[in-house]
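Protein chains in written order, with my numbering: chain R, 1479 to 1495; chain A, 22 to 416.
To start, the structure under review is shown below, and the notes come after it.
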Amino acid sequence: QSELYVLSVRPQNITGP
Amino acid sequence: GDYRNGYSVTHSTGRYQINSNSVYIKIDYQEGYNDDPGYGCNGPCGQYSEMCNGVEYESTFNHFSSYENIYSGEDPITCGTQDCLAISYKAVFLPSISAPVGKLCEKEQLFAQYSDGVNHNVNDLVWEFYSNTGWKEIPNHKNRYPLNVSLLDVFGASWRTQFTGNLQLRFKYTAPFTSDVLYSFSTYTISLTECSPEFDSLSAFKTKCNYSEDGSFKLKVKRDLDSNEKLIMTLYYQYSTGFDLAPNPQETSSNLFNEPDGSYSHTWSENLPSGNYKIKYQTKIGSGGISPTDPTWTTLSEYSFTITNARRVEFSAEKLNDESCFEVEDGKIRVYNVISESNRSFSYIVYEVQGTNTVTVLKNWTSFASNNVIINNLKKTRLRLKLKDSQGCFA
């Protein structure tokens, strides 16, 4: 039995004009 | 121009319980756009193409594997990423742990060490305890996982002032790029108890007779047992090859004797031959024992003592006089220099020896108090004399 801890932050992509 | 992007991430922010000792982690980013200068990018025009094809990061984590990527590029991304790993990501994979069953004393490890026998510190994992004023970081060994140290190691001797009742622990996991905090799945509650009673003193009792194997000893400790606690003692004897478990190596008591001096004692069965001994003890809460070969014995303090044999019963005897006339039966024997353990009285028995091995009782056991006696009224014959002391030791 195991535990995974994840923190993530993505940049704000633009989706085109 | 037309823009699209997407991440495929096996595990995004959160905590996951995983029923395995490994986990596959993948971060995959892809974007595509039509680089049309009409939209202000000033690049090759009019063609839609995909970028960042392929998997950017993948790994199979084993216990204690971790990964950190801090993105420092443009945010927001305005014209296609310069860095296909446009994500800040931090992950750690840990073995699940559980709080110990039963109660721990301040000297015992809070959690068992990981099976590799190595002490692990995990970056950005910090243990907290529930203090009198709420959750607080522990003062020492903050990053250790599992927290395989004792209450004393963490808090020092003043741990009782730090929290009330049982010890509650959790850990938090943080990353430098976000204010998000992940807490452990479990809050671990650890029940506490006093450690094994402190040693007070030990007194050895010699054997009753020079040749008997009935020595004993009394172990005194400084506190009484709790209602469901028992004292388990393991005894070691010095053989010619060194110390090893005594023939009957264990005794258990759940009811110690309250000594007048305020200590609490257990007296071992009177079954020990003379020799050198060591005793170790520990307490156990609840049912069951602790095998004498259990590894917990190895680290415990040992207390040495020696059981000696009682002094051998010895005496001298001489004929004082023969019969004075034919068949008057007034012969006398003087018994003197009778020695044994102090404060013992003595008895003698007189046999008449017939042939080589046959004896009949001429005078049955007769007690005397001092270390000499004159035996009267003996007839002319071959006599054999035997003595015993008041503890039944013969000479």
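Glycine included, C-beta positions come from ideal geometry on N, C-alpha and C.
- Counting only residues of its own chain and dropping the five nearest sequence neighbours on each side, Asn269/A has a CB closer than 7 angstroms to the CB of Asn292.
- Here the alpha carbons of Lys229/A and Ser366/A stand approximately 14 angstroms from one another.
- Taking a 10 Å sphere around the C-beta of Ile159/A, we find 16 or more other C-beta atoms and assign the residue as buried.
- With respect to chain R, the C-beta atom of Phe226/A has no partner C-beta closer than 8 angstroms.
- Between the alpha carbons of Gly155/A and Asn187/A lies a gap of roughly 14 angstroms.
- Here Gln1490/R is exposed: its Cβ has fewer than 16 other Cβ atoms, across all protein chains shown, within 10 Å.
- Taking C-beta atoms as the reference points, Asn153/A and Thr195/A fail to come closer than 8 angstroms.
- Pro116/A has Ser1480/R as its beta-bridge partners, per DSSP.
- Spatial neighbours of Phe198/A in its own chain (CB-CB distance under 8 angstroms, excluding positions within 5 residues in sequence) are listed in chain order as Ile91, Tyr92, Ser109, Lys111.
- Identification of chain R residues near Gly35/A by a Cβ-Cβ cut-off of 7 angstroms yields Val1484, ordered along the chain.
- Pairwise C-beta distances place the region 276-294 of chain A out of contact with the region 345-355 of chain A, as fewer than three of them are shorter than 8 angstroms.
- Residue pairing by DSSP places Lys193/A opposite Val147/A, Tyr204/A in a beta bridge.
- Contact between the region 290-310 of chain A and the region 239-256 of chain A is established, with three or more Cβ pairs separated by less than 8 angstroms.
- Residue environment: Thr387/A is assigned as exposed (fewer than 16 neighbouring CB atoms within 10 Å of its CB, all protein chains considered).
- Using a Cβ-Cβ cut-off of 9 angstroms, Asp49/A is close to nothing in chain R; its nearest Cβ partner there is about 13 angstroms away.
- For the C-beta of Val30/A, the chain R residues within less than 8 angstroms are, from N- to C-terminus, Ser1486.
- Comparing alpha carbon positions, the residue from Asn378/A, Gln183/A, Ile211/A, Phe326/A closest to Lys124/A is Ile211/A.
- Note on geometry: alpha-carbon atoms of Gln130/A and Leu213/A lie some 12 angstroms from one another.
- DSSP lists Ala196/A as the beta-bridge partner residues of Thr199/A.
- Leu246/A is positioned such that its CB atom lies no closer than 8 angstroms to that of Ser217/A.
- Under the 8 angstroms Cβ criterion, the region 137-153 of chain A counts as touching the region 74-87 of chain A, having at least three qualifying pairs.
- With a cut-off of 8 angstroms on Cβ pairs, the region 399-414 of chain A is in contact with the region 361-380 of chain A, counting three or more such pairs.
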